[in-house]
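What follows is a single structure, written as structure tokens, with notes after it.
Protein chains: 2
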Amino acid sequence: MHENYGSDKCDCNIIHEDVVNMVRKNMPKEEYLYDLAELFKVFGDTTRIKILYALFASEMCVCDIASLINMTQSAVSHQLRVLKQARLVKYRKEGKIVYYSLDDEHIKHIFDQGLMHITET
Amino acid sequence: MHENYGSDKCDCNIIHEDVVNMVRKNMPKEEYLYDLAELFKVFGDTTRIKILYALFASEMCVCDIASLINMTQSAVSHQLRVLKQARLVKYRKEGKIVYYSLDDEHIKHIFDQGLMHITET
DNA sequence: ATATCATATGAACAGTTATTCATATGTTCA
DNA sequence: TGAACATATGAATAACTGTTCATATGATAT
Numbered sequence: 001m002h003e004n005y006g007s008d009k010c011d012c013n014i015i016h017e018d019v020v021n022m023v024r025k026n027m028p029k030e031e032y033l034y035d036l037a038e039l040f041k042v043f044g045d046t047t048r049i050k051i052l053y054a055l056f057a058s059e060m061c062v063c064d065i066a067s068l069i070n071m072t073q074s075a076v077s078h079q080l081r082v083l084k085q086a087r088l089v090k091y092r093k094e095g096k097i098v099y100y101s102l103d104d105e106h107i108k109h110i111f112d113q114g115l116m117h118i119t120e121t
Numbered sequence: 122m123h124e125n126y127g128s129d130k131c132d133c134n135i136i137h138e139d140v141v142n143m144v145r146k147n148m149p150k151e152e153y154l155y156d157l158a159e160l161f162k163v164f165g166d167t168t169r170i171k172i173l174y175a176l177f178a179s180e181m182c183v184c185d186i187a188s189l190i191n192m193t194q195s196a197v198s199h200q201l202r203v204l205k206q207a208r209l210v211k212y213r214k215e216g217k218i219v220y221y222s223l224d225d226e227h228i229k230h231i232f233d234q235g236l237m238h239i240t241e242t
């Protein structure tokens, strides 16, 4: 009785057509969902999480960050580039030293909510 | 003058020792940071984001989810397992049909904050 | 019983990613 | 100018991840 509406990938039948249609109406734009996943991808790495938490406390230069989290300067520099591209950190130069700091107020809230999930029983 | 304190990986010198020590004191436990990254890793995939957004609107069976987001039943099932392991979704069985629903109230807040970052100018 | 359907799962493959290494850039200081 | 230092970056490698395919499981209905 039920037909498969417009999906070439799905290899099964829609069981609750009304529910699917209702949910489809409420889905955010595909583009937003993609961008959201991209953002969380950036958060999904221990090194980057450590860097961001460090910057919650203070702006820091690359060398200090590397020392703090016990990673090579190169690894930290690579990750800072990722964070910079995601518009999560910004930097200022002072001679040969580059200071990085946070560029977003939402991060802390996101992390706090994340920690609430983790620390639940 | 500056020495490298206890880090074997870092290949540079601590420039601001006081800052590093202060920041180190304020860092959350290594374990939390690891778990947090693991959580965000789960969010860092478009398919899983879509599934979670779908479940914001209603509980759904696997087949309906697959149809909605235009993925194979198998792919969806694999991702639901990941979400289940992360304690983000739960399920109930009704005959041969399995209904999945959200198992966490924090997710929506996390996503909303994430969207605020994305939709900023 | 057997055919059908919904779901789960293991293996394989392709694509992605984080770190390392070597090196380049640009600044400071002697 | 040249040595030392902070940072950036490209290439290579190893590890990880998501999808697909084939198949298994378990339930329903005839």
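For the protein sequence lines, the chains are U and W, in the order given. Here this note's numbering is used: the first residue of the first sequence is 1, the next is one more, and so on. Here this note's numbering is used: the first residue of the second sequence is 122, the next is one more, and so on. Glycine included, every Cβ here is placed at the ideal spot set by N, Cα and C. Values in this document were obtained by computation on a predicted structure and should not be read as measured data.
Within 10 angstroms of the Cβ of residue i, are there 16 or more other Cβ atoms? Answer buried if so, exposed if not.
i                  : result
Gln-113 of chain U : buried
His-78 of chain U  : exposed
Met-71 of chain U  : buried
Gly-216 of chain W : exposed
Ser-243 of chain W : What is shown of chain W runs 122 to 242, which leaves residue 243 of chain W out entirely.
Met-143 of chain W : exposed
Met-122 of chain W : Confidence at Met-122 of chain W is low in this model, with a pLDDT of 29, below 50, so its placement is unreliable and the value that follows should be read with caution. Exposed, by the Cβ-count rule.
Hey, does residue i have any beta-carbon neighbour from chain U nearer than 8 angstroms?
i                  : result
Lys-130 of chain W : yes
Ser-179 of chain W : yes
Leu-108 of chain W : Beyond the ends of chain W as shown, which are 122 and 242, falls residue 108 of chain W; an answer cannot be given.
Arg-213 of chain W : no
Gln-206 of chain W : no
Val-219 of chain W : no
Taking only beta-carbon atoms, is residue i less than 8 angstroms away from chain W?
i                  : result
Lys-50 of chain U  : yes
Leu-33 of chain U  : yes
Gly-141 of chain U : There is simply no residue 141 of chain U to check, as chain U begins at 1 and stops at 121 in what is shown.
Tyr-53 of chain U  : yes
Val-23 of chain U  : yes
In the DSSP output, which residue or residues are listed as bridge partners for residue i?
i                  : result
Tyr-220 of chain W : W:Cys-182, W:Arg-213
Residues of chain W with CB under 7 angstroms from residue i, in chain order?
i                 : result
Lys-41 of chain U : Gly-165
Val-20 of chain U : Asp-185, Ser-188, Leu-189
Leu-36 of chain U : Ile-170, Phe-232, Gly-235, Leu-236, Ile-239
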